Amino acid sequence: MPEIRGKQATEDIKEEWKRAYHFYVEAPGVPHNKKLDRTERINYVADKMNLTRKQAKRRVKNFEAWQRNIKKGLVTP
Numbered sequence: 009m010p011e012i013r014g015k016q017a018t019e020d021i022k023e024e025w026k027r028a029y030h031f032y033v034e035a036p037g038v039p040h041n042k043k044l045d046r047t048e049r050i051n052y053v054a055d056k057m058n059l060t061r062k063q064a065k066r067r068v069k070n071f072e073a074w075q076r077n078i079k080k081g082l083v084t085p
């Protein structure tokens, strides 16, 4: 299923992924603990977008998979 991430998604869904990832990148994390850093960043996305933690995590994960698929040439941006 991750190999088709971005093929089935509509433009508004992709915009939501981009917005979530933008918040993820700007979030203050924990610099010396990789796992806790990701957790804190996802919590920040959830707070900013008024989502549950699971929804925020899924949006960030989908964006990252979509970008990998673009790099592999499986989908177009």
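Just so you know, we're using our numbering here: the sequence shown kicks off at 9 and counts up by one. Don't be surprised by glycine CBs; every beta carbon is placed ideally from N, CA and C. As the structure is a prediction and not an experimental result, all values here were calculated from the model.
- One Cα belongs to T47, the other to K65, and the distance between them is close to 9 Å.
- Taking the C-beta atoms as reference points, I50 is found nearer than 8 Å to V68.
- The alpha-carbon of M57 is positioned some 21 Å away from that of Q75.
- Our two residues, I12 and G81, have alpha carbons roughly 11 Å apart in a direct line.
- In this structure, DSSP gives V38 a state outside helix and strand, which the three-state scheme calls coil.
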